[in-house]
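Top line first, the protein sequences correspond to chains A and B.
Position in the first sequence (first residue = 1) + 1 = the working numbering.
Position in the second sequence (first residue = 1) + 90 = the working numbering.
Glycine included, every Cβ here is placed at the ideal spot set by N, Cα and C.
Each remark here refers to the structure printed beneath this line.
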Amino acid sequence: MEKIVELRDVTKVIKGRTIIDNISFQVNKGEVFGFLGPNGAGKTTTIRMIVGLMGITSGDITIDGASIRTQFEDAVRHVGAIVENPEMYKFLTGYQNLVHYARMIKGITKEKIAETVELVGLTDRINDKVKTYSLGMRQRLGLAQCLLHDPQVLILDEPTNGLDPAGIREIRDYVRLLAREKNMAVIVSSHLLSEMEMMCDRIGIIQNGKLIDVQLVQEFVQSTESTYELEVVPSDKALALIQTNYPNIRATRSRNGISLEVSKEEIPPLVKILVNEDIQVFGIKEVAKTLEDRFLEVTKEKEAATHA
Amino acid sequence: MLNLIKNEWMKIFKRPGTYVMMAILIAITIIVGIFFKYQDTNSKAAVDKKWEQTLQQENDALKKQMDQSQTKIEKKFYQKEIAINDYRIKHHLNPHEKYNVWSFVKDASELIILAGLFTIIVSAGIVASEFNWGTIKLLLIRPINRTKILTSKYLTVLMFALFMLGILFVFSMVLGAILFGTPENAVPYLNYNNGQVTEQNIVVHLLIYYGLNSIKMIMLVTMAFMISSVFRNSSLAIGLSLFLLFTGDQFTALLSLKFSWAKYILFANTDLMQYFEGTPMVEGMTLTFSILMLLLYFVVFQFFAFFVFKKRDVAA
Numbered sequence: 002m003e004k005i006v007e008l009r010d011v012t013k014v015i016k017g018r019t020i021i022d023n024i025s026f027q028v029n030k031g032e033v034f035g036f037l038g039p040n041g042a043g044k045t046t047t048i049r050m051i052v053g054l055m056g057i058t059s060g061d062i063t064i065d066g067a068s069i070r071t072q073f074e075d076a077v078r079h080v081g082a083i084v085e086n087p088e089m090y091k092f093l094t095g096y097q098n099l100v101h102y103a104r105m106i107k108g109i110t111k112e113k114i115a116e117t118v119e120l121v122g123l124t125d126r127i128n129d130k131v132k133t134y135s136l137g138m139r140q141r142l143g144l145a146q147c148l149l150h151d152p153q154v155l156i157l158d159e160p161t162n163g164l165d166p167a168g169i170r171e172i173r174d175y176v177r178l179l180a181r182e183k184n185m186a187v188i189v190s191s192h193l194l195s196e197m198e199m200m201c202d203r204i205g206i207i208q209n210g211k212l213i214d215v216q217l218v219q220e221f222v223q224s225t226e227s228t229y230e231l232e233v234v235p236s237d238k239a240l241a242l243i244q245t246n247y248p249n250i251r252a253t254r255s256r257n258g259i260s261l262e263v264s265k266e267e268i269p270p271l272v273k274i275l276v277n278e279d280i281q282v283f284g285i286k287e288v289a290k291t292l293e294d295r296f297l298e299v300t301k302e303k304e305a306a307t308h309a
Numbered sequence: 091m092l093n094l095i096k097n098e099w100m101k102i103f104k105r106p107g108t109y110v111m112m113a114i115l116i117a118i119t120i121i122v123g124i125f126f127k128y129q130d131t132n133s134k135a136a137v138d139k140k141w142e143q144t145l146q147q148e149n150d151a152l153k154k155q156m157d158q159s160q161t162k163i164e165k166k167f168y169q170k171e172i173a174i175n176d177y178r179i180k181h182h183l184n185p186h187e188k189y190n191v192w193s194f195v196k197d198a199s200e201l202i203i204l205a206g207l208f209t210i211i212v213s214a215g216i217v218a219s220e221f222n223w224g225t226i227k228l229l230l231i232r233p234i235n236r237t238k239i240l241t242s243k244y245l246t247v248l249m250f251a252l253f254m255l256g257i258l259f260v261f262s263m264v265l266g267a268i269l270f271g272t273p274e275n276a277v278p279y280l281n282y283n284n285g286q287v288t289e290q291n292i293v294v295h296l297l298i299y300y301g302l303n304s305i306k307m308i309m310l311v312t313m314a315f316m317i318s319s320v321f322r323n324s325s326l327a328i329g330l331s332l333f334l335l336f337t338g339d340q341f342t343a344l345l346s347l348k349f350s351w352a353k354y355i356l357f358a359n360t361d362l363m364q365y366f367e368g369t370p371m372v373e374g375m376t377l378t379f380s381i382l383m384l385l386l387y388f389v390v391f392q393f394f395a396f397f398v399f400k401k402r403d404v405a406a
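Next comes the structure, spelled out in structure tokens:
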């Protein structure tokens, strides 16, 4: 795999406060890289530094070998981005907006604009003023704007913010398609784990300006012990039984029965024990962890490691 | 660069506000025109047949005053008046020319302040609005450095200023021709310089007059542009610039009565006409001094605008 974006020891200090602390990672061609973290962790700041909107205090960012600090024009030529919301000129039509951006890069033809409009499915409304667009349409126009010049790197900051489920799905399919078929590197930021799971190949977790971990999505999701909710009657007996048989498992009583933190493989033997003791099992379901839970786990692990 | 200017031009002219400004400028020119026309027809002064005699009398009176006056500046003024009057008598040029299109164009040039007002509004918004709209983020991630983007914006503002002045000049010319008619033979403008009286084509004279009158406007537009770029706040830029546009001259004049350092204030130097006709605001000021001061202010404004814009972390 060929790397296209590289961050080396990037630090950002604003008014004496370290916002971003020594972050390094790489993004390869054809992969979707997820940038995950709670609000205020430094996702947007990092993205702004990658596209040159913010200066870098120390360290460097290169895109296709060109430094964003010293060779801004060469570096940013390969980048298409939406930073936060896709803000367009509302008093212009969608088409005029695209012409505006097309004029800023050499060699974008009318045909290319039409093709891009077709691609994002805005052909019917492209000559309407942007102020009449819905949020989903603005998001699509934003996407068209960053695809005009066939970038090698696509950067989307919270691309699904405020979109309805259909819109979220559309964006997700789109991102996967671009990475696979055009071999683009896509950097996506979000605070929603579920979304990241479906969209990304790799995830970098950022908290308080520090990059805590970079993992493949599969590893990240599978390495977790999930929480399962067991609907069992009588629940008291079941709880006592589990606690005696598996003293290491965290089991608590919940609304409909009991909830357990176990890995998937442990479930069948566990059910067997319950059934053998004549406990009625009505259902077992996996409770998706919120990012917060997962986050606390990851950060706790890190803290434990540093304190040990 | 041309494409960038095209973009800025498009963003100005796709907004209804711009057309409102043009309409107001034209409407006020029409109102002024009708007002002058009304005055003109009401006060049809009897044509002075013996104007040469009148001028001669005036000159005699002026000469007496000149002999009595103490200051050098006053003497100069009288000298100039006398020289021009002599020239008129010699070349049979009636000073009381019938009010015509050129008189109107010259009077309507007072409206340059209005063109200045509108250009300041555009200038104050051209950077600040991009921040307000959030579009600055998409603008600055193109492979074009920030200096070029800001330069294109400034050039666009200058072009807009020229455009507004053009509208005013051409429209007042057309309106003047309709309302007051064109004079049968073009009357030249009389220029006085170092004891010499020269004739100047009236259109050339008016263009120079327009240019000199626009200096203050251009300087304030540049200041609005700087505030817009440094503070990202169009209201502040508009407010401060307009306040100075309307009061700067008076304040400077007041200060110049007491303090000689008033000559370093921008507004003491914006009126270059003072060196051609009339007297400098503060004694000892010269044309070169004023031009240098104007350049200095210009460079300082541009330096701040560009320096801050280039260094800024865009977090809007």
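Suppose you measure from the CA of residue i to the CA of residue j; what does that come to, to the nearest Å?
i	j	result
residue 180 of chain B	residue 384 of chain B	40 Å
residue 109 of chain B	residue 103 of chain B	8 Å
residue 159 of chain B	residue 388 of chain B	39 Å
residue 284 of chain A	residue 220 of chain A	27 Å
residue 282 of chain A	residue 239 of chain A	10 Å
residue 229 of chain A	residue 255 of chain A	11 Å
residue 278 of chain A	residue 287 of chain A	23 Å
residue 94 of chain B	residue 251 of chain B	18 Å
residue 175 of chain A	residue 83 of chain A	14 Å
residue 201 of chain A	residue 34 of chain A	6 Å
residue 195 of chain A	residue 113 of chain A	34 Å
residue 100 of chain A	residue 225 of chain B	15 Å
residue 198 of chain B	residue 331 of chain B	22 Å
residue 396 of chain B	residue 231 of chain B	17 Å
residue 70 of chain A	residue 133 of chain A	38 Å
residue 192 of chain B	residue 112 of chain B	22 Å
residue 271 of chain B	residue 116 of chain B	19 Å
So with CB distances below 7 Å, who are the chain A contacts of residue i?
i	result
residue 141 of chain B	Result: empty, since nearest Cβ-Cβ is about 58 Å, beyond 7 Å.
residue 235 of chain B	73, 74
residue 400 of chain B	Near residue 400 of chain B there are no residues of chain A at all, since even the closest Cβ is about 10 Å away, more than 7 Å.
Which chain B residues are close to residue i, counting only those with a beta carbon under 8 Å from its beta carbon?
i	result
residue 310 of chain A	As displayed, chain A neither begins before 2 nor continues past 309, which places residue 310 of chain A out of reach and without an answer.
residue 97 of chain A	100, 104
residue 88 of chain A	223, 224, 225, 227, 228
residue 1 of chain A	Lying before the first or after the last residue shown, residue 1 of chain A is absent from chain A, which here runs from 2 to 309.
residue 101 of chain A	97, 100, 101
Report the neighbours of residue i on chain A: residues whose CB is nearer than 8 Å to its CB, in chain order.
i	result
residue 231 of chain B	52, 53, 54, 77, 80, 82, 84
residue 403 of chain B	15, 49, 54, 55, 56
Below 8 Å CB to CB, which residues in the same chain sit around residue i once its five sequence neighbours on both sides are set aside?
i	result
residue 110 of chain A	none
residue 81 of chain A	146, 147, 148, 149, 150, 152, 154, 155, 156
residue 335 of chain B	203, 206, 207, 210, 306, 307, 310
residue 177 of chain A	33, 200
residue 122 of chain A	141
Less than 7 Å between C-beta atoms, sequence neighbours within five positions excluded: which residues of the same chain meet that for residue i?
i	result
residue 174 of chain B	280, 282, 287
residue 152 of chain B	168, 171, 172
residue 99 of chain B	246
residue 22 of chain A	12, 210, 211
residue 237 of chain A	none
residue 370 of chain B	364
residue 148 of chain B	175
Report yes if the C-beta of residue i is less than 8 Å from at least one heavy atom of the ligand SAM; otherwise report no.
i	result
residue 159 of chain A	Judged by which ligands are present, the structure shown has none, so any question about the ligand SAM falls away.
Near residue i, which residues of its chain fall below 6 Å by C-beta distance, leaving aside the five closest residues on each side in sequence?
i	result
residue 322 of chain B	218, 221
residue 127 of chain B	269
residue 124 of chain A	118
residue 267 of chain B	191
residue 345 of chain B	352
List the residues that DSSP assigns as beta-bridge partners of residue i.
i	result
residue 281 of chain B	B/288
residue 29 of chain A	A/4
residue 229 of chain A	A/261, A/287
residue 143 of chain A	Paired residues: none, contrary to the question.
residue 212 of chain A	A/207
residue 173 of chain A	Residue 173 of chain A pairs with nothing; no bridge assigned.
residue 388 of chain B	Bridge partners of residue 388 of chain B: none, in fact.
residue 281 of chain A	A/234
Which residues in chain B have a C-beta closer than 7 Å to the C-beta of residue i? List them in chain order.
i	result
residue 104 of chain A	93, 96, 97
> Below 8 Å, can you find three or more Cβ-Cβ pairs linking the stretch 11-21 of chain A to the stretch 49-65 of chain A?
Replying inline: By the criterion of at least three beta-carbon pairs nearer than 8 Å, the stretch 11-21 of chain A is in contact with the stretch 49-65 of chain A.
> Do the stretch 122-140 of chain A and the stretch 89-103 of chain A meet, that is, are 3 or more Cβ pairs less than 8 Å apart?
Replying inline: yes
> Between the stretch 235-246 of chain B and the stretch 352-362 of chain B, do at least 3 Cβ pairs fall closer than 8 Å?
Replying inline: no
> Does the count of Cβ pairs from the stretch 26-33 of chain A and the stretch 64-77 of chain A closer than 8 Å reach three?
Replying inline: no
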